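Letter by letter, the sequence shown follows residues -26 to -1, 1 to 706 of mature numbering (1 follows the signal peptide of the UniProt record, and there is no 0).
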Amino acid sequence: MMYQFPFKKQLIATSILMAVAPQIYAETEKQTFDEVVVVSASKTPQAYSDVSTSISKIDSDEFEKTMANDIKQAVKYMPGVEAEGSGRFGLSGFNIRGMNGSRVKIMVDGVQQPVAYNPGAGEQRKYPNAIEVDTLATIEVNKGASSSLFGSDAVAGAVVMRTKNPDDVLVTDGDEHRFGIKTGYSSADENFKTTATWAMRQDKLETLLMLTYADGSETKTHGSGADVVGDQRGAANPASKKLGNVLAKAFYQVNDNHRIGFTGEYYDYTHKEDELSYYGISIPSMGFIYNSRNTSDENKRFRAGFEHEWQTNSVIADDLKWSVNYQDSRSLNKNFDNTNIYGDRLRQRDAQDQSWQFDTQLHKQVDFDTHYHLLTYGGNYKNNKFQLNNDDFNHTSGGTVGSTGVPDATTQNFGLFIEDQIFLMNERLVVNAGLRYDNFKTDPKASDGYTNEISPYQDDDFSAKLGAVYHLSQQYSVFGQVSQGFKAPTVHDLYYTYSQGAIIEANPNLKSERSTSYEVGFRSQSNVAKYELVGFYNQYTDFISSKDLGKDPETGRDRYTMVNLDNVDIRGVEFSSDVALDELLGAPAGLYSRFSLTYTDGEDKSTGEQLDTITPLRSVFALGYDNVENNWGLLSSLTMASRKTEWQDKDSAASEKNVDAPGYAVVDLTAYYRPMKDMTLRAGLFNAFDAKYWLHDDLRSKTVVPGSMSPKNYDIYSQPGRNWSVTLEYLF
């Protein structure tokens, strides 16, 4: 019998997207699974069953169900994906299949977020983490090289987030006002958080306003950590933190063919810490001793954007969307300390990114007798100005301009892309092809903090992808894809210099990194179960990494610089499943399970050493229940990770080797209850059995014998012991 779908995939995807269908629909008597729609595979809504690569997606319903209080908690169940960073500077970025940092592109509502800046010392960080999870509608992670869509920096993948729109809150199609209030407490950081929401539709106008405020303390380590002053401290340093966030949107339907929208977003986070673990730390070779150390940090982001959608219905496009966005992000790090040499001093580190971004995107469906094409094409331009201002103040000697290590710089990049989804054999075979051109230029500028001679950098590149999905039946399909990635060197990669202690020399002659990702998989999708098995192999060429140049002949100090390595390879396997146990096995109505398993391995081909960013074997098993009336439910999860003993420093002296990251097993429990239709009470018990464990990325670069400037008790990097959270939400 001929294999046919009843409607074209684009129509199915659009109807699902408009319905905002959750992945798990629990308002009927039994659990069922609906088709998932993603946008990060082709920049247009697409049924996941037609995607030729592996993409992980979660929505706000999942955030609520797992009681995710931040983005790191929101993605912790995604196979092959980890959010990294903790403590004073917070989330540093994402690790996708063993690659992290500037090799993963982060976007919010299509707006590129700034590249992370980490000069290496403990005084300053600027991370792309000024994002409030309560305002997010979805998070999608496109795994593997994605530069044919997203350009430079998507060499290892892309994290694509979308903030809520009015129709994510409103429940009818007519004129409506809807209000919401959500408040909660988390014991892990003694955090009180409240989010207020108002959405409105009146005739052709839709608006949304979301306000978030949070007030908390330090995130606790495991309770067994020593609460002492000095480098043997195992408890977290005492801290206070506050967060404020505003999201405002307005959309107006001018007529049947034109719709315009405005977005404003403001994020403000402050963190103050008394770093008791630094008290008494010394550098014997310099006779340097910290008597005290305190920090005060502020992280801000402002965005203003305009967008226009036009149903053109022309020869060149069925519809067109263009947008312009201005974004200003800033981190201000103040470091107060008292030492035996300098006395009281303040080292102030101010980093800022200001960018203008223009994007345009067109869609066109082209029909033939035997097949049809869904074309997506367009371009984007971004101008980003990066500035550093470092100031040092001393109680006795006054203020001086501190060295920045890198110059101020203006980066410009533009790209043109085209994506083609080809539906053949009555939609049984779907081919996904894409091509993009990128041009990238960095213009550095000398300043009082950076006086070295510097030259501009420019590069361009073509990135392509080709993939296919073959539907064996309406339930089973196989897929595969080859895609390319491209990453221009960052300002830090090209120009960073350092001369205190070790010597780091700039290398403005770096080449851009490139990658090729190969992926094959099997997918099963029905209304009672979803399975996916994926194998991947990623090859990186001209990989940018630090190189030891040996001793400086004049000073005897160690010398380093950034270089391009020949090849880095990463390979692995992922498996994920969602099963409605009531439908499949006749279990009680509302019972379901989830499972994911990720294995990753990789090495620097020139040395044969495993990369430090490779994550150990990890799995998550969850068992959940939603009752027939959908007014209460439970979710339990078991997260397990194996020990990590392979690091890049395997040939170092025993005392200088990276400490092993122990394996762990952690159980989390959450529950919800709806005493009335629009009110939901949630409670969670996390690390229920009080396991003492560490995330491997928190122990990266921590040696067996700690350095003179490092804490000696690694309990200070441990995760919280048993902790709990509670939230109450009311919509009306």
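The beta carbon of each residue, even a glycine, is placed where N, CA and C say it ideally should be.
Being a predicted model, the structure only gives us computed values, none of them experimental.
Legend entry - Short Cβ contact (9 Å threshold) for V494 with V553: no
Legend entry - Helix, strand or coil at L398 according to DSSP, with G and I counted as helix: strand
Inset, instruction - Measuring alpha carbon to alpha carbon, tell me which of T168, D83, M184 ends up nearest R136. - result: D83
Inset, instruction - Give the single residue among D149, A119, G408 whose Cα lies nearest to the Cα of Q395. - result: G408
Legend entry - Spatial distance of F663 from A162 (CA atoms): 15 Å
Legend entry - Selection from S684, E603, T677 that minimises the alpha carbon distance to M650: E603
Legend entry - Beta carbon proximity, Q361 to chain B, threshold 9 Å: Of the protein chains in the structure, only one exists, and it is not chain B.
Inset, instruction - Could you check the C-alpha separation between A200 and E36 for me, to the nearest Å? - result: 36 Å
Legend entry - Spatial neighbours of Y264 in its chain, beta-carbon cut-off 8 Å, leaving aside the 5 residues before and after: Y252, Y253, G254, I255, S256, D311, N312, T313
Inset, instruction - Have a look at G61, Q47, R71 and flag the residue whose alpha-carbon is nearest the alpha-carbon of P53. - result: R71
Inset, instruction - Using only alpha-carbon positions, find the residue among Q176, V202, A210 that is nearest to S191. - result: A210
Inset, instruction - Tell me the start and end of each unbroken beta strand (DSSP E) in the stretch 225 to 287 that is at least 3 residues and wholly inside, in chain order. - result: 232 to 248, 262 to 284
Inset, instruction - Return helix, strand or coil for E36, following the three-state DSSP convention. - result: helix
Inset, instruction - Write down the C-beta distance between Q513 and Q449 rounded to the nearest angstrom, noting that I regard them as a contact closer than 8 Å. - result: Their Cβ separation, rounded to whole angstroms, is 33 Å, which puts Q513 and Q449 out of contact at 8 Å.
Legend entry - Residues bridged to I113 [DSSP beta-bridge criterion]: I32, M135
Legend entry - the stretch 140 to 156 touching the stretch 201 to 220, judged by at least three CB pairs closer than 8 Å: no
Inset, instruction - Taking P649 as part of the beta strand (DSSP E), name the residues at either end of that continuous run. - result: 638 to 650
Inset, instruction - Kindly list the residues whose CB is nearer than 7 Å to the CB of F63, restricted to its own chain and excluding five residues on each side of it in sequence; keep chain order. - result: R99, Y101
Inset, instruction - Consult DSSP for K356 and reduce its assignment to one of helix, strand or coil. - result: strand
Legend entry - 6 Å Cβ shell around F595 - same chain, five flanking residues per side excluded: F569, L612
Inset, instruction - Determine the direct distance from the alpha carbon of P694 to that of G658, and round the result to whole angstroms. - result: 14 Å
Inset, instruction - Determine the direct distance from the alpha carbon of E239 to that of S675, and round the result to whole angstroms. - result: 36 Å
Legend entry - Nearest candidate by alpha-carbon position, reference E487, set G530, D532, D540: D540
Legend entry - Nearest-angstrom Cα separation, counted from V12 out to Q455: 17 Å
Legend entry - Per-residue burial, F166 [other beta carbons within 10 Å of its own, 16 or more giving buried]: exposed
Legend entry - Buried or exposed by the 16-neighbour rule on C-beta atoms within 10 Å, applied to M81: buried
Inset, instruction - Output yes or no for whether 9 Å exceeds the beta carbon distance between K178 and Q227. - result: yes
Legend entry - When S429, V143, T384 are compared against A111, the one with the closest alpha-carbon: V143
Inset, instruction - Can you give me the start and stop residues for the beta strand (DSSP E) that residue 769 sits inside? - result: What the structure shows of the chain is the stretch from -26 to 706, and residue 769 is not part of that stretch, so it cannot be assessed.
Legend entry - Proximity to N358 [Cα-Cα], best of D302, E114, K117: D302
Legend entry - Reduced DSSP secondary structure (H/G/I, E/B, other) of D672: helix
Inset, instruction - Sort D623, S76, G59 by Cα distance to P463 and report the nearest one. - result: S76
Inset, instruction - Report all residues from its chain with a CB closer than 6 Å to the CB of R696; omit the five preceding and five following residues, and keep chain order. - result: N661, D664
Inset, instruction - Keeping to the same chain, check which residues put their C-beta closer than 8 Å to that of E393; ignore five residues upstream and five downstream. - result: S16, K17, T18, S122, L123, L349, T350, Y351, N406, A407, G408
Inset, instruction - Name the two residues that bound the continuous beta strand (DSSP E) containing E150. - result: 150 to 160
Legend entry - Among N43, S23, Y51, the one whose alpha carbon lies nearest that of S567: Y51
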